[in-house]
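Structure below.
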C-alpha cells in the first residue's frame, strides 16, 4: 500500500500546478518510508491513513532537505542530495513548499491527528537546531543527547505511530511508546554505524560524526571511561579531520572499554521493549518491522 | 491592541521551553505588523483575533528569515538580519521553528481560518521561489511578474484580511479583495522605491533589484517602450553592478518615458479600489491604513 502513499504525495504536489517544482521534488531520493509503513501497519490503508501518511512523509522529506543544507551533506541515501543538485537556496525553498503544502493538507485530517503530527514538527525543528548547537563543543551530557535525538529523529516516528493509532481507534499510548523507542533506537544505531562502517558501506567516511563535532552516545560513554590524560587526547581530536593513527586510537579505545557493545545493548533494549509491546498487542507486522530495523543494521 | 499580539507571540515562544531560541527570536527586527493591524481593525481584539494575528505574524517572520538567507540580505528594516547576526543556518532553523510553531497553534483556530492562512503560506513559498527563478533571466512577462508578487507578498495579507472577516462574520470576499489589492500595491510601491530612493533612505543601494536580476514592473514597462538598440543596452546592464553613468542612463530613460508615474498610477488604482470597498463597508480605519500605506511611501 506504499504505492498509494506515493500516489497521494504526487497528487498533492500536482495540485500546486507548478510542473517545475514537481520536477525538482521528483528528484528527492525516496527512502524506506518507515513512517508511512508504520502507519499502514497500525491503521490499514483507508484514505484517511494514506492521506496522513502522505503528509507525514512530505514533512519528513522537507525536514531532510533543510537538514542537508544545515549539515552540508551532498549525498542522501547514496545519491546526490537536492542541495547538491540544485543548490542550497533551492533546497530551502522546496523544503518550505513541501512543509507548507503538508501542513495545508494536514488541516483536512482529524484534529487530534493533525495536532500530534504538527507538535512533532516543532520538536523536530528544535531537535535539528540542538544537534547543530551541541556539535559546537564537546558535549558530555548524556541526557541532553538523548533528548536531542528524541526530538530530531524519534518525535515524528512516534507521532506517525500515535496518529495511526488514533485513526485505528487503538490504544494510542502503546503505539506512541513503540514509535518513540523505535525512533530513538534508530538514531542510536545510526550513530554506532557511523563508527563501525567503512566509507564504502556508509557512503561517508567512518567517524564522520565526531569530525562534525557530534559526540554521540558511544563517545560520551568512552569519555566517561577514559582516564584524564586519555580524555584530553579524545577531546583534542574533536571536530577535526583525523589521521589514520588517530582513528585507530579511538577505535582501539572503543574496543578496550567495550563501548560499542554497550551502546548496541541500549538500542536493543529499546527495540525489545517495543517488540514486547507489540507481542502483547498481537501486532506481528510491527514486531517484524522492529526486528528488521536491527537486523538490517548489523 | 498590537501589544496583545506581541504578548501572544511571546507566550507561544515561551511554551517551547527553549530560552536560547527565545533569545534569538527576540532579536528579529519587528516591522509594522501590517497583517496583525489589519486583522484587529477588521475583527476587533478578541482572543481569537489575537491568536490568529500572532500566528500570521510568526509565519510572516519565519518567511522573512528564510527570504533573507535566499536573498543574501544582511539588513532587514535597517538593522542586522538574523542571518547576519547568527549565520544562514541558524536563520533557516529558527525559521523552521517559527513556521512549525505557528502551524501548530493554527490548529486551535477555526478550520476556515486555518485553511485560508495555510493556503497563503503555500502561495508565499511558491512565490519566493518564483522570485528567485525569474531573476535569473531578464523577465519581460508582466503577468508572470504580477502573479509572483501576488504570491510572494499579497497572499498572506489577503489571507490575514479574509481570516479576520471570517472571524468577524463579515463579507469575506470584500476583505479578501481589499487585502489582495493592498498587498500587490505594497510590493509595487516597494519596487518603485528601489528605483527612486537613495541608499541612505532605503538602507540599500538604489536600483538594487535590477542588480539582483529582478526586472520589476517599471523595468518591464521601460523595456516595452525602448527601441531595439536601447532594449539591448538595458538588457546588457541586467544583473550587474552598474557604474554611475549606467545608473544615470536608466534613470533618464525612466523619466523620458514617464515610467515611474505610470507604475505609481497602477499601484494607486489598486489602493483606490481597496479604499472604495472600505468606504462602502463604512470601514474608516481600513481606509486610513490604505491611505497611509501610500502616503508613507512617497
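Chains as they are written, first to last, in the numbering used here: chain G, 1 to 298; chain W, 1001 to 1298. Beta carbons: idealized from backbone N, C-alpha and C, even for Gly.
- Secondary-structure assignment with DSSP links residue 79 of chain G through a beta bridge to G:76.
- In the three-state reduction of the DSSP assignment, residue 58 of chain G falls in the helix class.
- Cβ contact annotation for residue 69 of chain G (same chain, cutoff 7 angstroms, sequence separation greater than five): 83, 88, 91 and 92, in chain order.
- Within the region 1120–1139 of chain W, contact with chain G at the beta-carbon level (separation under 7 angstroms) is assigned to 1121, 1122, 1125, 1126, 1128, 1129 and 1132.
- Exclusion of the five residues before and after residue 281 of chain G leaves 174 as the residues of its chain whose Cβ lies within less than 7 angstroms of its Cβ.
- Contact of residue 18 of chain G with chain W by beta-carbon distance below 8 angstroms involves 1126.
- For residue 1210 of chain W, none of the residues of chain G pass the 8 angstroms Cβ criterion, the least Cβ distance being about 20 angstroms.
- Out of W:1143, W:1121, W:1120 and W:1148, the CA that lies nearest to the CA of residue 1133 of chain W is found in W:1148.
- Taking C-alpha positions only, residue 27 of chain G is separated from residue 94 of chain G by approximately 11 angstroms.
- If you compare the alpha carbons of W:1013, W:1020 and W:1058 with that of residue 1034 of chain W, the shortest gap goes to W:1058.
- Rounded to whole angstroms, the Cβ separation of residue 1223 of chain W and residue 1263 of chain W is 13 angstroms, and the two are not in contact under 8 angstroms.
- CA-CA distance, residue 1158 of chain W to residue 122 of chain G, rounds to 26 angstroms.
- Minimum Cα-Cα distance from residue 145 of chain G among the listed residues G:171, G:211, G:167 and G:219 corresponds to G:219.
- In chain order, 40 and 45 place their CB closer than 6 angstroms to the CB of residue 1 of chain G, counting only its own chain and leaving out the 5 sequence neighbours on each side.
- When C-alpha distances from residue 17 of chain G are compared across W:1018, W:1127, W:1023 and W:1007, the shortest belongs to W:1127.
- 7 angstroms or more divides the Cβ of residue 125 of chain G from the Cβ of residue 1117 of chain W.
- Between the C-alpha atoms of residue 170 of chain G and residue 63 of chain G there is a straight-line separation of about 28 angstroms.
- Secondary structure note for residue 95 of chain G: its alpha helix (DSSP H) is the uninterrupted segment 88–106.
- With contacts defined by Cβ atoms closer than 7 angstroms, residue 1085 of chain W and residue 1185 of chain W do not form a contacting pair.
- Shown here for residue 160 of chain G: same chain residues with a beta carbon closer than 7 angstroms to its own, the five before and five after excluded, namely 35, 38, 39, 56 and 179 in chain order.
- Close to residue 66 of chain G, with beta-carbon spacing below 7 angstroms, are these residues of chain W in chain order: 1092 and 1096.
- Residue 1194 of chain W is positioned such that its CB atom lies closer than 7 angstroms to that of residue 1209 of chain W.
- Listed in chain order, the alpha helix (DSSP H) elements of length 4 or more contained wholly in the region 6–73 of chain G are 19–26, 34–43 and 47–70.
- Cβ neighbours of residue 1166 of chain W within its own chain (closer than 6 angstroms, five residues either side excluded): 1112, 1113 and 1172.
- Taking C-beta separations shorter than 6 angstroms and ignoring five residues to either side along the sequence, the partners of residue 1181 of chain W in its chain run 1270, 1273 and 1274, following chain order.
- Within chain G, the residues 111, 114, 115 and 118 have their CB atoms less than 7 angstroms from the CB of residue 1107 of chain W, given in chain order.
- Inter-residue distance for residue 283 of chain G and residue 1120 of chain W is about 41 angstroms (C-alpha atoms, whole angstroms).
- The C-beta of residue 104 of chain G comes closer than 7 angstroms to at least one C-beta of chain W.
- Residues of the same chain with a CB within less than 6 angstroms of the CB of residue 1151 of chain W, apart from the 5 flanking positions on each side, are 1123, 1126 and 1127 in chain order.
- The beta-carbon of residue 100 of chain G is placed less than 7 angstroms from the nearest beta-carbon of chain W.
- Rounded to the nearest whole angstrom, the C-alpha separation of residue 226 of chain G and residue 183 of chain G is 29 angstroms.
- Listed along the chain, the chain W residues whose CB falls inside 7 angstroms of the CB of residue 184 of chain G amount to none; the nearest CB is some 20 angstroms away.
- Contact between residue 1014 of chain W and residue 1022 of chain W is confirmed by a C-beta separation of about 7 angstroms, below the 8 angstroms threshold.
- Just measuring C-alpha positions, the residue of W:1067, W:1099 and W:1139 sitting nearest residue 1235 of chain W is W:1139.
- When DSSP states are grouped into helix, strand and coil, residue 1112 of chain W belongs to the helix group.
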